[in-house]
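Q: The structure's right below; bear with me while I get my questions together.
Chains as they are written, first to last, in our numbering: chain A, 192 to 554; chain B, 9 to 318.
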């Protein structure tokens, strides 16, 4: 009996485990390639639709001009449809696909930096022209890999450093500009004069947005309370929801937050019927009655500059910045929110001032 | 600091801490039952993810909260059958098979979310329900007696599980199987049957834990649990395999997390210490574990498949 069971065990258990892990891997990198080895399907074209579905992003559609196509790989920490950070970059790539004859591969949900390094290296070894590592957490990986692949161009952000490498581009978003405008609107909408703004970790454009939000609020109501909370996590929805609840208990009556985990806080804004200001991407669909406006990242101006440089044979060495002035940042107002005319006018005034340089947003 | 000791802030902080502790409590209670019978299940987190997704998807499709929670719970039961088959019948090494179940839950819930939902949409959540008379007690009423039904259910399950484990024949068999399965077997107790039942029960609790986590935030995301299932396993050790101790650990973890966030929002914790403070729930729980749990002994055959001799 013992031998019989051992025999059965040795056959079935490995099969079960292999099946479990196989299914697991298939799911964790959808619609992107397997985490460690991009397959030919990885290099699938992304349909240039205004709102790509995961299926669309993964669909394989041979381009007639495939031979001359610019092969671009995107490695991003969250889902392609996160209504936030990653989706903004996917949209920008899609919008430029035809113009620059791009062949796009995407690996989303690469929140584990160690495995994402394998993904980036695999793209580099497979002859991709440009690898976009869309997150400041990928910086050290780029710094290590770029010298090993001098003919491959790397871009990463948000960061200001190319590490003095000739094949690395860096990009930044002046998120404090949109944060400043939205903070001013929040202060004007607030009755309690207590605001709640939530971020993950006090670095990068998340910190810029949060700092800009509070600076903008104080620019119109100097005495307003705007104390940011950093949860320590980019993706813990529960922590964001809890942070929002604590703000509400502290009398905050307007909320804002960054990253894809902000959906947890938006849920609190919705349930307590409080105004919400979003960033990275439009979040109207999450709370149609509560989202006042969203700072939307349009990475197209940055990508266009990078593609132009690549076509000219330059693989890196430059840093680009999204601003309200160059159209990389846009404040999208929610028509479903009844925004007082005076608040809208103030926002327009600030946008104009920042664009023209007459309003100086603190860094 | 004075701002913290106001009625509104204290009430919300404690109430949020209790609500945040609920998924940990449910998952850890289920794991306690399994571990008392000698089976360790490291797949809790994956099962919570599957339970959360099932709850989310059914709610999106039907708008029926009760049906959604039942679906999440039933998903846990189904995973319990798979886990029991691998751990008990096939006698797999429990740590490895548990990690396999976790990876399956993480990957399959992500896959289903991407394919069936795509762009995240918010869902309705369970509203707080005040307990008549008790909810009007100043301060305490708002903290403890104005929670969602799942929170009440989780805390009611603590004495129920304790009673079953310590005061019933079934509980005696569970403990016997976890301490000396050969002796239990010689007395006619089916070790496999008991372990099958505890694993299925534990995974059902994990499914319900996933549902309660989803109800807290009102939206699903890939890797929604953020490894809460593993913390739940640690809380079983913290609670020394006793339901009341497990509840204490879950409350400590949830409350410390919320207090830290509240202090940040009040400016009591400076921005420069924000990231360090985020680690406080884990650090405090681990320290408490070191001081408390070492006084207790784990089930004698925890993690060991039972092989009848001879």
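Beta carbons are placed, not taken as given, at the ideal position from N, Cα and C, and that holds for glycine.
Keep in mind the model is a prediction, meaning the values are calculated, not measured.
1. Any idea which residues DSSP pairs residue 524 of chain A with across the strands?
2. Do the region 120-130 of chain B and the region 235-248 of chain B meet, that is, are 3 or more Cβ pairs less than 8 Å apart?
3. Ordered along the chain, which non-local residues of its own chain (more than five positions away) have a Cβ less than 8 Å from that of residue 316 of chain A?
4. Give the residues of chain B in contact with residue 404 of chain A, contact being defined as C-beta atoms less than 9 Å apart.
5. Unbroken alpha helix (DSSP H) runs of length 4 or more, entirely within the region 430-508 of chain A: which are they?
6. Let's test the definition: count the other Cβ atoms within 10 Å of the Cβ of residue 174 of chain B and tell me whether it reaches 16, buried, or not, exposed.
7. On a Cα-Cα basis, can you pick out the residue from A/293, A/323 and A/290 that is closest to residue 299 of chain A?
8. Strictly under 9 Å for the Cβ-Cβ distance: is residue 224 of chain B near chain E by that measure?
9. Around the C-beta of residue 429 of chain A, are 16 or more other C-beta atoms found within 10 angstroms, so that it is buried, or is it exposed?
10. Run through DSSP, which three-state label would residue 3 of chain B get?
11. Taking all protein chains shown into account, do 16 or more other C-beta atoms lie within 10 angstroms of the C-beta of residue 431 of chain A, making it buried, or fewer, making it exposed?
12. Taking the DSSP output, what are the residues bridged to residue 263 of chain A?
13. Using beta carbons (cut-off 9 Å, strictly below), is residue 156 of chain B in contact with chain A?
14. When DSSP labels each residue in this structure, what does residue 232 of chain B get in the three-state scheme?
15. Around the Cβ of residue 223 of chain A, are there at least 16 other Cβ atoms within 10 angstroms (buried) or fewer (exposed)?
16. Please confirm whether residue 481 of chain A and residue 528 of chain A have their CB atoms less than 9 Å apart.
17. Would residue 413 of chain A be called buried (16 or more neighbouring beta carbons within 10 Å of its own) or exposed?
18. If you count every other CB in all the chains shown that lies within 10 Å of the CB of residue 176 of chain B, and 16 or more means buried, which is it?
19. Should the region 430-445 of chain A be regarded as contacting the region 382-389 of chain A, the criterion being three or more beta carbon pairs within less than 8 Å?
20. Taking the alpha-carbon of residue 489 of chain A as reference, which of A/515, A/509 and A/382 has the nearest alpha-carbon?
21. May I have the straight-line CA-CA distance separating residue 521 of chain A from residue 281 of chain B, to the nearest angstrom?
22. In terms of DSSP beta bridges, what is residue 513 of chain A paired with?
23. For residue 88 of chain B, decide whether its Cβ has a neighbour in chain A, counting only Cβ atoms nearer than 9 Å.
24. Between residue 36 of chain B and residue 441 of chain A, what straight-line distance do the alpha-carbon atoms span, to the nearest angstrom?
25. So residue 476 of chain A contacts chain B; which residues on that side make the cut at Cβ distance below 8 Å?
26. For residue 206 of chain B versus residue 182 of chain B, is the C-beta distance shorter than 9 Å?
27. Extract the residue ranges of the beta strand (DSSP E) inside the region 152-220 of chain B, only unbroken runs of 3 or more that lie entirely within it.
28. List, in chain order, every chain A residue whose beta-carbon is nearer than 9 Å to that of residue 139 of chain B.
29. Quick check on the burial criterion: 16 or more other C-beta atoms within 10 angstroms. Buried or exposed for residue 44 of chain B?
30. Using a C-beta cutoff of 9 Å, does residue 468 of chain A count as contacting chain B?
31. Could you tell me the boundaries of the beta strand (DSSP E) in which residue 86 of chain B lies?
32. Show which residues of chain B have a CB atom less than 8 Å away from the CB atom of residue 552 of chain A.
33. Would you grab the beta carbon distance between residue 493 of chain A and residue 362 of chain A for me? Rounded to a whole angstrom, and I think it's under 8 Å.
34. Is the distance from the Cβ of residue 307 of chain B to the Cβ of residue 102 of chain B below 9 Å?
35. Is the shortest distance between the beta-carbon of residue 229 of chain A and the beta-carbons of chain B less than 9 Å?
36. Using Cβ-Cβ distances below 8 Å, what residues of the region 14-27 of chain B are close to chain A?
A: Once the coordinates are examined:
1. Its beta-bridge partners are A/484.
2. Short answer: they don't touch.
3. Around residue 316 of chain A, the same chain offers 340 as residues with beta carbons nearer than 8 Å, after the five sequence neighbours per side are excluded.
4. Here the premise fails: no neighbours, minimum Cβ distance about 14 Å.
5. Counting only runs of 4 or more, we get 453-462 and 491-502.
6. Classification for residue 174 of chain B: exposed.
7. Here the closest residue by C-alpha is A/323.
8. Protein chains in the displayed structure are A and B, and chain E is not among them.
9. So residue 429 of chain A ends up on the buried side.
10. The question about residue 3 of chain B has no answer here: the residues shown for chain B are numbered 9 through 318.
11. By the Cβ-count criterion, residue 431 of chain A is buried, with 16 or more other Cβ atoms from all chains shown falling within 10 Å of its own Cβ.
12. Answer by DSSP bridge pairing, in chain order: A/295 and A/321.
13. Interface residue (Cβ-Cβ distance to chain A less than 9 Å): residue 156 of chain B is not classified as such.
14. In the three-state DSSP reduction, residue 232 of chain B falls in the coil class, being neither helix nor strand.
15. Note that residue 223 of chain A scores a pLDDT of 35, beneath 50, so its modelled location is shaky and nothing firm can be said.
16. Yes.
17. When all chains shown are included, residue 413 of chain A counts as exposed.
18. Only exposed fits residue 176 of chain B, as fewer than 16 other CB atoms lie within 10 angstroms of its CB.
19. Verdict: yes, contact present.
20. Distance from the Cα of residue 489 of chain A is smallest, within the candidate group A/515, A/509 and A/382, for A/515.
21. The straight-line gap from Cα to Cα measures roughly 32 Å.
22. The partner list for residue 513 of chain A (beta bridge, DSSP) reads A/364.
23. By this cut-off, residue 88 of chain B is not an interface position.
24. The alpha-carbon atoms of residue 36 of chain B and residue 441 of chain A are separated by roughly 32 Å.
25. Here the neighbours are 127 and 129.
26. In this structure, residue 206 of chain B sits near residue 182 of chain B, with a CB-CB distance shorter than 9 Å.
27. With a minimum length of 3 residues, no continuous beta strand (DSSP E) run stays inside the region 152-220 of chain B.
28. The contacting residues do not exist; residue 139 of chain B stays about 20 Å from chain A at best.
29. Burial call: buried.
30. In terms of beta-carbon proximity, residue 468 of chain A stays away from the interface with chain B, with every pair separated by 9 Å or more.
31. Annotation: residue 86 of chain B is outside any beta strand (DSSP E); the continuous alpha helix (DSSP H) that includes it extends over 73-92.
32. Going along chain B, no residue has its Cβ under 8 Å from residue 552 of chain A, so there is no contact; the nearest lies around 19 Å.
33. Contact annotation, residue 493 of chain A with residue 362 of chain A: C-beta distance approximately 5 Å; criterion of less than 8 Å satisfied.
34. Not in contact: residue 307 of chain B and residue 102 of chain B (Cβ atoms no closer than 9 Å).
35. Note that residue 229 of chain A scores a pLDDT of 34, beneath 50, so its modelled location is shaky and nothing firm can be said.
36. If the cut-off is 8 Å between Cβ atoms, the region 14-27 of chain B has 16, 17, 19, 20, 21 and 24 near chain A.
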